[in-house]
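Quick mapping for you: the protein sequence lines, in order, are chains R and W. Here the numbering used here is used: position 46 in the first sequence is 46, and no number is missing along the way. Whatever position you read off the second sequence (first residue = 1), add 297 for the numbering used here. The beta-carbon is built from N, C-alpha and C at its ideal position, and this holds for glycine as well. Single-structure report; data block below.
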Amino acid sequence: MELRKPPPVRRLTGYEVPSSPPSNGNGLHAAAGFRLPARLGAPSMVAIDRMQVEELSVSYGHKPAVQSVSLPIRQGEVLALIGPSGCGKTTLLRSLNRLTELTRGASLRGRITLDDVDVAHMDATALRRRVTMVFQQPNPFPMSVFDNVAYVLREQASRRPRRAAVQGAVHEALARAGLLDEMAGSLDHPALRLSGGQQQRLCIARALAANPQVLLLDEPCSALDPVSTRLIEELIAKLREDVAVVIVTHNLQQAYRVADYVAFMYLGELVEYGSAHKMFGSPREQRTKEYIGGAFG
Amino acid sequence: MDEDDLLEPDRSTAQDRRAELSLGALVFAVLALLLAMFAFVLHEGWPSFAHNGLGWFGGGGSVDQQIQAIFTSGDLKTTPVYTFHAWPLIWGTILITAGAVVIAFVSSLFVAVFLVEFSPEWLRRMLDPVVRLLASVPSIVYGLAGVLVIVPLIGNHLITETEKASVTPAIQLSGASVLAAVLILTVMIAPIMIAVFADGLRAVPRGWLEGSLALGINPWRTFWKVGVRTARPALIAGTVLATARALGEAIMLSLVSGGVPFAPNPADGFPIFLFEPTQTLAATIIRNGDQLDSPPMKHTLYAIAAVLLFSAAMLSLIGWAAKQPMRRYGVVA
Ligand SMILES: Nc1ncnc2c1ncn2[C@@H]1O[C@H](COP(=O)(O)OP(=O)(O)OP(=O)(O)O)[C@@H](O)[C@H]1O
Ligand SMILES: [Mg+2]
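Written out as structure tokens, the structure is:
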């Protein structure tokens, strides 16, 4: 898809990978025996501003779920949203591609832009084609594994392509989500009979096949074993160069491993936003310290 | 842990067992009743089938005259006459039922999709009860409306004099016709279909629809490829239900289709053959239901009933078979 105007490019300077475990929120150093997870991949040198969230507030009826949140989403830097259950992470994610519109009673204030165009003025389908979401609960379609991934390819094509024409892309997407080897030979298996973790990876594969510019991942590893989790994290690290990735996670070590920037939300508010290094090393806010406190010790 | 807690599982399994047994017995009883009904109807109709062979389903002669001969032969205690060729009735039933089911299916699907996914909330709230009300209107009301409004409308405004003249020696075109029957039957069964379709579409998990929308697939395609696809069992169930009602509809159809056992002839030209009257199988039973005291007549009517029963059973079977391939992918609405 063509960009309307070249997005602003920002070079990251003074970004460094922490070599020693950062002190945790309570000012205590991590226990000596604990090995801090290694960060994945070298930091990207180029970051492109893709989306801007400005003073976003979302409420369901009269109940506010997100309150005046502002933050940038950049290609080249993974953003992790962290915070306790019910703090509005999913709601924030859903408003980025206007899925909140599908919820009756949800109202939205503030502004979200994609490449400097207000998403409210864009066609919702065109927006979601560029900003794709993987849901917290795996929701594979009641079709075969193959058709789940091929679905988006077929729908994006102007004329329905033959199976052979999409096969390559389907296999690639499944391979990137780490599902191809497991599924080898049984791509016609019904998707709903996969295990929870397999379904989750299938949904990621589906989203990859859509080839988005911004990828929203809502707890993509919640049902995955360590090996699959590792694979998805490596995938995110690789994707980062080409796609702006936002990941919601309850696993702070994962946030530390994959994210370049971290946003901590609490009761709908954005409490603190900063580089992963800073957020996990020396957070400014007391609430952040308390939340992150237990993570590495 | 006290004794009660320990006893509880035992008691509940015993209850389960009892519930299972009584439900099983009930199902068995219903099945036995159904089989007995089949056997009875087939047995009563057998003389008619045995006498005519496959010719029963074919054409030949006038159904009215055959029925007259069958009836009187019973009355006079002479050798009973069984000669009966039901093709005009079968053809009329197929034409009217298929026409109404096809039209109702397509329009109901669109209405249901619109109702569930695209209509504004206030319109949906208004239409929902209206549809349910229409689905429960007794068919005779539709029949009266048809006789008083649709039939004269077709007779006076749609059929031209030349068209009437073109088929004059064979049949009279009064307006009571295949077309009137199809129209009114459509109006009668569409609300049933809409109600069942809409329930099925509403039961489609939101997560599947949102998952598709979140991939940038437009709402119509999403609803078509994920929603309607997932709701296919409900579409089949609604269609089977509506078709069964259409097949069994007798009084209303005998009012508006002309009650003439004539086989509308497509060779008469496209619009004209739809203006021709006919009579369905069920309507034939109703029209001659007062002649059951004539044994050959009774056997003939039971033979017609057996054909209807068999069609309904086939319909259910086809519906069941059509749902099987979907089950594999977890579509069970
Ligand atoms: N469809 C809805 N209708 C009404 N309220 C909702 C709806 N969805 C979410 N909420 C409310 O909005 C708030 C934020 O919910 P949200 O799902 O964004 O939290 P979350 O941070 O994703 O939580 P979790 O980590 O448990 O997934 C919650 O208090 C929730 O009760
Ligand atoms: Mg959530």
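* **From ILE82(R), MET51(R) and ILE73(R), residue whose alpha carbon lies closest to that of ARG287(R)** => For ARG287(R), the closest alpha carbon among the candidates ILE82(R), MET51(R) and ILE73(R) is that of ILE82(R).
* Would you tell me roughly how many angstroms separate the C-alpha atoms of PRO592(W) and ILE387(W), rounded to the nearest one? => 23 Å
* Looking at the C-beta of TYR626(W), does it have a partner C-beta in chain R at a distance below 8 Å? -> Cβ-Cβ to chain R under 8 Å: yes for TYR626(W).
* **Other residues of its chain near GLN75(R): CB distance less than 6 Å, five sequence neighbours each side excluded** => ILE48, ARG50 and ALA244
* To do: Could you confirm whether any beta carbon from chain W is found closer than 8 Å to the beta carbon of MET51(R)?
  => no
* **Sequence ranges, beta strand (DSSP E) only - wholly within the region 429-515 of chain W, length at least 3** => none
* Leaving out five residues on either side along the sequence, give the residues of the same chain with a beta carbon under 6 Å from the beta carbon of LEU28(R). => Reliability of the predicted coordinates at LEU28(R) is poor, the pLDDT of 38 falling under 50, and the value obtained from them is presented with this limitation in mind. Within the same chain, LEU28(R) has no close Cβ partners at all.
* Mark THR597(W) as exposed unless 16 or more other C-beta atoms lie within 10 angstroms of its C-beta, in which case mark it buried. => buried
* Asked: Distance, Cα to Cα, ARG257(R) vs GLU155(R)?
  -> Rounded to whole angstroms, ARG257(R) to GLU155(R) spans 35 Å at the Cα level.
* Would you report the Cα separation of ARG10(R) and VAL46(R), rounded to the nearest angstrom? -> Low local confidence applies: a pLDDT of 41 at ARG10(R) is under 50, so the model's placement there is unreliable, and no value is given.
* Residues in its own chain within less than 8 Å of ALA560(W) by CB, not counting five upstream and five downstream? -> Excluding residues up to 5 positions away in sequence, GLY356, TRP384, PRO385, TRP388, GLY389 and THR575 lie with their Cβ nearer than 8 Å to the Cβ of ALA560(W) in the same chain.
* In this structure, does DSSP put GLN156(R) in helix, strand or coil? -> helix
* Beta-carbon proximity list for ALA461(W), same chain, < 6 Å, skipping 5 on both sides -> The amino acid occupying residue 461(W) in the given sequence is Lys; Ala does not appear at that position. Sequence-distant Cβ neighbours of LYS461(W) in its own chain, meaning closer than 6 Å and more than five residues away, are LEU470.
* To do: Kindly indicate if chain R contains any beta-carbon less than 8 Å away from that of ILE468(W).
  => Not one chain R Cβ lies under 8 Å of ILE468(W).
* Kindly indicate which three-state DSSP category GLU54(R) falls into: helix, strand or coil? => strand
* Mind listing which residues of the region 513-538 of chain W have their C-beta closer than 9 Å to chain R's C-betas, in chain order? -> GLY513, ILE514, ASN515, PRO516, ARG518, THR519, LYS522, VAL523, ARG526 and THR527
* Check PRO574(W) in the structure and name its three-state DSSP category. => coil
* Asked: Closest Cβ-Cβ distance between ALA511(W) and chain R: below 8 Å?
  -> yes
* Can you name the start and end residues of the alpha helix (DSSP H) that VAL408(W) belongs to? -> Where VAL408(W) is concerned, the enclosing alpha helix (DSSP H) stretches over 384-410.
* Looking at the structure shown, is GLN75(R) part of a helix, part of a strand, or coil, going by DSSP? -> Here DSSP, grouped into helix, strand and coil, assigns GLN75(R) to strand.
* Asked: Just how far apart, CA to CA, sit ALA255(R) and ILE204(R)?
  -> 18 Å
* Can you list, in chain order, the residues of its chain whose CB lies under 8 Å from that of TRP353(W), leaving out five sequence neighbours each side? -> SER345, PHE346, PHE381, HIS382, ALA383 and ALA600
* To do: Taking 8 Å as the cut-off, decide whether the C-beta atoms of VAL501(W) and GLY535(W) are in contact.
  => no
* Would you mind telling me which residues of chain W sit closer than 9 Å to LEU99(R), beta carbon to beta carbon, in chain order? => GLU507, LEU510 and ALA511
* Kindly indicate which three-state DSSP category ASP425(W) falls into: helix, strand or coil? => In the structure shown, ASP425(W) sits in a helix (DSSP, three-state: H, G or I).
* What is the rounded straight-line gap between the Cα of ASN453(W) and the Cα of LEU544(W)? -> 28 Å
* To do: Go to GLU234(R), then tell me how far its alpha helix (DSSP H) extends in each direction, as first and last residue.
  => Start and end: 226-239.
* Could one say the Cβ of GLY504(W) lies closer than 8 Å to chain R's Cβ atoms, at least one of them? -> yes
* Asked: Which value, in whole angstroms, describes the spacing of the CA atoms of SER509(W) and TRP521(W)?
  -> Cα atoms of SER509(W) and TRP521(W): separation of roughly 11 Å, rounded to the nearest angstrom.
* Reference PRO488(W); option with closest CA among THR459(W), LEU476(W), ILE400(W) and VAL557(W) -> ILE400(W)
* **beta-carbon GLN136(R) near ligand 1 non-hydrogen atom, thresh 7 Å** => yes
* To do: Work out the CA separation of ARG624(W) and LEU320(W) for me, nearest whole Å.
  => 25 Å
* Asked: Assuming ILE247(R) contacts VAL53(R) under a Cβ cut-off of 8 Å, what Cβ separation, rounded to an integer in Å, is found between them?
  -> That pair is no contact at about 16 Å.
* Taking Cβ-Cβ distances shorter than 9 Å, what residues in chain W pair up with GLU155(R)? -> Neighbours of GLU155(R) on chain W, chain order: SER509, LEU512, GLY513, ILE514, ASN515, ARG518, THR519 and LYS522.
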